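Heads up: the sequence shown begins at 1 in the UniProt record's numbering, then just goes up one per residue.
Here a beta-carbon is modelled for each residue, glycine too, at the ideal position from N, C-alpha and C.
Computed from a prediction, not measured in an experiment: that's the story for all the values here.
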Amino acid sequence: MSFNSQQPRPTATVADCTDPRSEQAATAERLLREAAAATGRRREDLLDQAIIASVSLARTLASRYYRRGVDAEDLDQIAYEHLVKAARSYRPVDGSDFRSFAIPTVRGGIRHHFRDHAWAVKVPRRLQEIQTQISATEAALTARLKRWPTSHELADALGLDVKEVIEAQRAQGCFSPSSLDVPLHDGSSMTRGQQVADPADTYQLVDQIESLRPVVDNLSARDRLIFQRRFLEHQTQSEIGHEIGVSQMQISRLLGRIMLRLRVALSV
């Protein structure tokens with residue numbers, strides 16, 4: 001059974017409004033149990049019906065990985081393919097549950113796709129796996145600590161060396177790095193790529209350094225500290241936020257503002 005990315009999405013009925021996920025899961029479970037006892041064409045029809053009843057589950061799992069550098073329709077298709085694999089591999093027994101069987105199968109297929117195909121910059125598999133562990137742990141730690149966890153806290157929670165966690169955090173963004181063709185800011189005709197100095201052109205490098213020096217000197221004490229920690233000492237945003245006493249998201253916004261000032265200075 002194959003899925004087309006343009007396939008219309010199922011619409012909810014009045015009965016679905018009570019608890020559509022539970023109803024769909026129950027329907028899929030019933031159909032798969034009937035399929036296990038059937039043969040031939042009857043079995044195939046029941047499997048197809050069970051898969052269709054579980055499409056929304058696959059799409060929900062895929063949606064959690066949107067905007068990470070892989071097209072949403074591609075992610076949906078990968079989720080559908082692994083949903084089919086799960087349905088055909090499922091062997092119902094007393095107390096078993098297809099939803100619990102399908103979720104790790106679909107999620108694992110999506111993660112394997114990211115790991116093997118979606119990296120714009122090749123990162124060692126060990127760091128890829130650590131990034132996955134960090135993503136799964138950060139939210140829980142943030143909820144418990146009421147703030148963004150530091151690299152040391154993540155390392156303790158994951159049972160890893162803090163150096164490994166920091167290295168994995170620094171590799172974040174390798175799925176979809178920013179394009180060098182993106183304008184420096186709204187209305188600008190100059191791109192990021194045009195601001196990258198040629199390493200062989202020492203005059204251009206010196207010119208850029210001298211253009212940025214007064215901008216850096218005029219930064220507030222806090223912004224200079226953030227700039228130094230991030231670009232000279234290569235600390236992560238989480239580490240900087242922990243030192244200053246703000247969240248990682250606030251550090252990200254502050255860095256964006258600092259970088260905009262530097263880019264504008266280079267474009268003048």
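The alpha helix (DSSP H) with residue i in it runs from where to where?
| i | result |
| --- | --- |
| Glu243 | 237-244 |
| Asp74 | 72-89 |
| Leu160 | Here Leu160 belongs to no alpha helix (DSSP H), and DSSP marks it neither H nor E. |
| Leu32 | 20-36 |
| Asp97 | No alpha helix (DSSP H) holds Asp97; DSSP gives it neither H nor E. |
| Leu225 | 221-227 |
| Arg42 | 40-53 |
Indicate the three-state DSSP secondary structure (helix, strand or coil) for residue i in the structure shown.
| i | result |
| --- | --- |
| Tyr65 | coil |
| Glu164 | helix |
| His234 | coil |
| Val264 | helix |
| Arg147 | coil |
| Ser247 | coil |
To the nearest whole angstrom, what separates the beta carbons of residue i and residue j, a pair I think is in contact under 8 Å?
| i | j | result |
| --- | --- | --- |
| Trp148 | Gly245 | Their Cβ separation, rounded to whole angstroms, is 11 Å, which puts Trp148 and Gly245 out of contact at 8 Å. |
| Gln237 | Gln248 | 5 Å |
| Ile258 | Leu219 | 7 Å |
| Arg88 | Leu47 | 7 Å |
| Ala168 | Leu127 | 5 Å |
| Ser151 | Glu239 | 6 Å |
| Arg222 | Leu255 | Between Leu255 and Arg222 the Cβ distance is about 12 Å, and since that is not below 8 Å, they are no contact. |
Leaving aside the five residues before and after residue i along the sequence, list all residues of the same chain whose C-beta is less than 7 Å from its C-beta, in chain order.
| i | result |
| --- | --- |
| Arg111 | Thr132 |
| Ala101 | Residue 101 is actually Phe in this sequence, not Ala. Excluding sequence neighbours, Phe101 sits near Ala86, Tyr90. |
| Leu160 | Ile130 |
Return the residue from the list the options that minimises the CA-CA distance to residue i.
| i | options | result |
| --- | --- | --- |
| Tyr90 | Leu127, His113, Ala37, Arg41 | Ala37 |
| Ala157 | Ile226, Ala168, Glu138 | Glu138 |
| Val215 | Leu145, Gly159, Leu260 | Leu260 |
| Ser96 | Ser135, Arg144, Leu83, Leu32 | Leu32 |
| Ser56 | Arg230, Thr27, Arg43, Glu44 | Thr27 |
| Ala25 | Arg43, Glu164, Ile52, Ser252 | Ile52 |
| Ile103 | Ser54, Arg229, Ala143 | Ser54 |
Quick one: residues in its chain with C-beta nearer than 8 Å to the C-beta of residue i, no 5 flanking neighbours on either side, listed in chain order?
| i | result |
| --- | --- |
| Lys85 | Thr105, Gly109 |
| Pro92 | Glu29, Leu32, Arg33, Ala36, Phe98 |
| Glu153 | Leu141, Leu145 |
So, for residue i: in the same chain, excluding its five sequence neighbours on each side, which residues have a beta-carbon less than 6 Å away from its beta-carbon?
| i | result |
| --- | --- |
| Leu61 | Ala79, Val106, Arg107 |
| Tyr65 | Leu75, Ile110 |
| Ala155 | Val162, Val165 |
| His113 | Ile78 |
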